[in-house]
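Novice: I have a structure here, written as structure tokens, and I will follow up with some questions on it.
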């Protein structure tokens, strides 16, 4: 089995989730599509958090910074995939 946040096969993922290999392909055409979906979800969540902070105080740069760090701690897998070089 491969290691790392983006080093997995669809077969390994299917097995871990308890679904057939074909089931993954019904929803995603490739591993890259899964990674894009996870990254998109992460950016949407982080964007919603930033939006709420800025609605309360448009000048709260420190609040944005703390929210960014808190997001990274709370959702480390999303964060790693969102900012992974590949």
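In the working numbering, the protein residues as written are 29 to 114.
For every residue, glycine included, the Cβ atom is placed at its ideal position computed from N, Cα and C.
As the structure is a computational prediction, the values presented were derived from the model and not from experiment.
(1) Suppose you measure from the CA of residue 41 to the CA of residue 104; what does that come to, to the nearest Å?
(2) Would you tell me roughly how many angstroms separate the C-alpha atoms of residue 84 and residue 92, rounded to the nearest one?
(3) Measure from the alpha carbon of residue 106 to the alpha carbon of each residue in 73, 81, 90, 87, then state which is nearest.
(4) In chain order, what residues of the same chain lie with their CB nearer than 8 Å to the CB of residue 109, ignoring the 5 residues before and after it?
(5) Taking residue 57 as the reference, give the member of 75, 45, 37 with the closest Cα.
Specialist: From the atom records:
(1) What you label residue 41 is simply residue 13 of the chain shown in a count that begins at 1. What you label residue 104 is simply residue 76 of the chain shown in a count that begins at 1. Their backbone Cα atoms lie some 18 Å apart in a straight line.
(2) Here the question's residue 84 lines up with position 56 in the chain shown. Here the question's residue 92 lines up with position 64 in the chain shown. Looking at the two C-alpha atoms, the distance is approximately 11 Å.
(3) For the purposes of this step, residue 106 is identified with residue 78 of the chain shown, where counting begins at 1. Selected option, being the one with the closest Cα: 73.
(4) As a first step, residue 109 is located in the chain shown; it is residue number 81 there, counting from the start. So the list reads 33, 34, 63, 66, 67, 70, once near-sequence residues are dropped.
(5) Reading the chain shown from its first residue, position 29 is the one you call residue 57. Among 75, 45, 37, the Cα nearest to that of residue 57 is on 37.
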